[in-house]
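Chains as they are written, first to last, in my numbering: chain P, 84 to 167; chain V, 1378 to 1594.
Beta carbons are placed, not taken as given, at the ideal position from N, Cα and C, and that holds for glycine.
Printed below as a string of structure tokens:
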């Protein structure tokens, strides 16, 4: 179940953030989304917040939580599962 | 004396630097018209590609590796490609200013963003609702720290560009200026960019030279 969600999220993030040259197979569930991992930036973080609300109906009330939630695909999937 | 060191044209059918066709999407033989065809690109589809698709095809044809390109709006993609061709990995961008211009500002991106307001608006689209964002993208890519400006004019205004270029070269204390016209509207685009520099050269920066070069593609 969790693995399925992680795979789904991977596809959604790649599409939503126009990560055209990213090979999905090279993105691991615990790879960092920001910094050295996928190299996302602050605008991408806002897009991820919008994506969570649009697709999963989850609104992040406390921006401070973002750092933990968006650490990796696994942390994001865990947050979605717990808050859906 | 201010001279034009190099210039490039980008339009849906091709991309040329100093009149040398680097990428060619036209169906006719470039050789037959006396041009050198360095990088002819075969396209399999018969349908006309959108501006976005075409700009990505230019990116691929030029073998550029810069993932952020795909996040840019069309105006930024166009300016980015022109800067790539003119700087050509020279790394000589320390002392550079940027003066770009167009007619339609960022209207294409403004429309896309306006449509997204019906739902939750996209922050990634919002950031491109200003024409000078393309200047920022170019400056980030080439580590340019000189002065910059984006002029909105009703048509290609060579005199306005020359005035702004001189201002940046004389008072801005830079060696060269990346300048030109980049227009993206109604799923069409045209870019004419050039590098102006103090010193000797074959092409002096004058109104008539710029007007002639602008029309040539």
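Task: CA-to-CA distance, residue 119 of chain P to residue 159 of chain P, given in whole angstroms - done: 17 Å
Open item on the list: Under 7 Å, Cβ to Cβ, is there at least one residue of chain V near residue 129 of chain P?
Closed with: yes
TODO: Report yes or no: do three or more beta-carbon pairs, one from the region 1447-1460 of chain V and one from the region 1526-1534 of chain V, lie closer than 8 Å?
DONE: no
Open item on the list: Counting only C-beta atoms, is residue 1575 of chain V closer than 7 Å to chain P at any point?
Closed with: no
TODO: Locate the beta strand (DSSP E) running through residue 1476 of chain V, then write down its first and last residues.
DONE: 1473-1479
Open item on the list: Could you give the first and the last residue of the continuous alpha helix (DSSP H) run that contains residue 1425 of chain V?
Closed with: Note, residue 1425 of chain V: premise wrong, no alpha helix (DSSP H); not H, not E.
Task: Cross-strand partners of residue 141 of chain P (DSSP beta bridge) - done: Partner(s): none; residue 141 of chain P has no beta bridge.
Task: residue 74 of chain P versus P/111, P/123, P/133, P/137, residue with shortest Cα-Cα distance - done: Given that chain P is displayed from residue 84 to residue 167, the structure contains no residue 74 of chain P and the question cannot be resolved.
Open item on the list: Check whether the region 1551-1568 of chain V and the region 1449-1465 of chain V are in contact - that is, three or more C-beta pairs closer than 8 Å.
Closed with: yes
TODO: Rounded to whole angstroms, what's the CA-CA distance from residue 153 of chain P to residue 1497 of chain V? Just pull it up for me.
DONE: 20 Å
- [ ] Please report how far the alpha carbon of residue 161 of chain P lies from the alpha carbon of residue 85 of chain P, in whole angstroms.
- [x] 8 Å
- [ ] Say whether chain V places a C-beta atom closer than 7 Å to the C-beta of residue 110 of chain P.
- [x] no
TODO: For residue 1561 of chain V, write down the residues that DSSP places opposite it in a beta bridge.
DONE: V/1566
TODO: Determine the direct distance from the alpha carbon of residue 1563 of chain V to that of residue 101 of chain P, and round the result to whole angstroms.
DONE: 22 Å
Task: For residue 129 of chain P, the three-state DSSP class (helix, strand or coil) - done: helix
TODO: May I ask you to list, following chain order, the residues of the region 87-113 of chain P that have a beta carbon less than 9 Å from some beta carbon of chain V?
DONE: 99, 100, 101, 102, 103, 104, 105
Open item on the list: Would residue 1511 of chain V pass as an interface residue toward chain P - the criterion being a Cβ-Cβ separation below 7 Å?
Closed with: no
Task: Cβ shell of residue 1486 of chain V (< 6 Å), same chain only, five flanking positions each side left out - done: 1450, 1505, 1506
- [ ] Classify residue 1520 of chain V as buried or exposed, calling it buried when 16 or more other Cβ atoms lie within 10 Å of its own Cβ.
- [x] exposed
Open item on the list: Output needed for residue 1395 of chain V: all residues of its chain with C-beta closer than 8 Å, excluding positions within five of it in sequence on either side, in chain order.
Closed with: 1383, 1384, 1385
TODO: Return the first residue and the last residue of the beta strand (DSSP E) that residue 1528 of chain V is part of.
DONE: 1525-1529
TODO: Compare the C-beta of residue 142 of chain P with all C-beta atoms of chain V and state if any pair is closer than 7 Å.
DONE: no
TODO: Could you check what DSSP says for residue 1431 of chain V in three-state terms: helix, strand or coil?
DONE: helix
Open item on the list: Just to check my reading of the structure: residue 1551 of chain V and residue 1478 of chain V have Cβ atoms closer than 8 Å, yes? What is that Cβ distance to the nearest angstrom?
Closed with: No, residue 1551 of chain V and residue 1478 of chain V are not in contact; Cβ-Cβ is about 18 Å, not under 8 Å.
Open item on the list: If I measure Cβ to Cβ from residue 105 of chain P and keep anything under 6 Å in the same chain, skipping five residues before and after, which residues do I get?
Closed with: 97
- [ ] For my contact list, residue 1484 of chain V and residue 1531 of chain V are in at a C-beta cut-off of 8 Å; report their separation, rounded to the angstrom.
- [x] With a Cβ gap of about 14 Å, residue 1484 of chain V and residue 1531 of chain V do not count as contacting.
Task: Same chain, Cβ closer than 6 Å to residue 1588 of chain V, neighbours up to 5 away in sequence not counted - done: 1535
Task: Beta bridge counterpart(s) of residue 1556 of chain V as assigned by DSSP - done: V/1476, V/1571
TODO: Give the residues of chain V in contact with residue 137 of chain P, contact being defined as C-beta atoms less than 8 Å apart.
DONE: 1496, 1497
Task: Collapsed DSSP secondary structure at residue 1412 of chain V in the structure displayed - done: Confidence at residue 1412 of chain V is low in this model, with a pLDDT of 43, below 50, so its placement is unreliable and no value can be given for it.
TODO: Flag residue 152 of chain P as yes if its beta-carbon sits less than 7 Å from any beta-carbon of chain V, otherwise no.
DONE: no
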